[in-house]
Amino acid sequence: MARPDPCVPDQSSLPLTWVEMMDLALHQAFLAGASGEAPVGAVLLDPSTGTMLAQAHNAPIARNDPTAHAEILCLRNAAKRMGNYRVPGTIMAVTLEPCTMCVGALVHARVAGVVVGTPDPRTGALFTNLDGARLPWGNHKMWVVRDILSSHCSNILREFFRSRR
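Written out as structure tokens, the structure reads:
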């Protein structure tokens, strides 16, 4: 078993637990699925103030925008709210492991850590197919907590795609 990352904050020091954050992200995923989008949701928390900065879900179909992933929309909303293109020290909870585009955005935004619901064996770039949290050439590293409400997160995806077949 892998040792825990020493950079991961103690949950008792945070306003929400990993499970509570993932519950909020799952709600966003349900909204995405109900609107015909792949059911992925994300939330961004400022742990220093306990403020939920943004919540979003996948919307590339509705927006005709291939970059409208939950993580990207969440970062855009938070950056606008904060008046800064970076959101340092924040924690993102996302129901599905981010792709390479989203990992790049998380790095550029200086997100401190990512709480992931379920891995993405096809395009996951945070730990499955690429160690995106610790790219050796990158100028920012982030911590990762995996498999929070994993069965719930994978089931919503599985059921959504099963209904499409």
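With UniProt numbering applied, the sequence shown covers 1 to 165. Glycine is no exception: its CB is placed at the ideal position from the N, C-alpha and C atoms. Everything numeric in this text was worked out from a predicted model, so none of it was measured.
For residue i, which three-state DSSP category applies?
| i | result |
| --- | --- |
| residue 230 | The displayed coordinates of the chain run from 1 to 165. Any statement about residue 230 would go beyond what the structure contains. |
| Leu-73 | helix |
| His-108 | helix |
| His-140 | coil |
| Val-145 | strand |
| Thr-128 | coil |
| Val-87 | coil |
| Val-103 | helix |
| Ser-81 | Sequence check: residue 81 is Arg here, not Ser. Helix. |
| Arg-134 | helix |
Suppose you measure from the CA of residue i to the CA of residue j; what does that come to, to the nearest Å?
| i | j | result |
| --- | --- | --- |
| Leu-75 | Val-87 | 8 Å |
| Val-115 | His-140 | 17 Å |
| Met-21 | Asp-46 | 12 Å |
| Arg-146 | Thr-123 | 16 Å |
| Arg-164 | Asn-58 | 17 Å |
| Val-103 | Pro-60 | 17 Å |
| Ser-151 | Leu-16 | 20 Å |
| Ser-48 | Ser-12 | 13 Å |
| Val-19 | Pro-9 | 14 Å |
| His-27 | Gly-41 | 7 Å |
| Ala-32 | Val-94 | 13 Å |
| Ala-79 | Leu-53 | 9 Å |
| Glu-37 | Leu-24 | 17 Å |
| His-69 | Gly-50 | 24 Å |
| Phe-30 | Asn-155 | 11 Å |
| Asp-120 | Arg-110 | 22 Å |
| Cys-99 | Ile-72 | 11 Å |
| Cys-7 | Val-144 | 9 Å |
Could you tell me the boundaries of the beta strand (DSSP E) in which residue i lies?
| i | result |
| --- | --- |
| Leu-96 | 91 to 96 |
| Val-114 | 113 to 118 |
Go to residue i, then tell me how far its alpha helix (DSSP H) extends in each direction, as first and last residue.
| i | result |
| --- | --- |
| Arg-164 | 150 to 164 |
query = Are there three or more Cβ pairs, one per stretch, closer than 8 Å when the stretch 119 to 137 is compared with the stretch 57 to 71?
reply = Flag = no, the stretch 119 to 137 and the stretch 57 to 71 do not touch.
query = Can at least three beta-carbon pairs, one atom from the stretch 119 to 131 and one from the stretch 77 to 86, be found at a separation below 8 Å?
reply = Below 8 Å, too few C-beta pairs join the stretch 119 to 131 and the stretch 77 to 86 to call them touching: fewer than three.
query = Of all the beta strand (DSSP E) runs that stay within the bounds of the stretch 28 to 69, which reach a length of 3 or more residues?
reply = The stretch 28 to 69 is shown to contain whole beta strand (DSSP E) runs of 3 or more residues at 41 to 46 and 51 to 57, in chain order.
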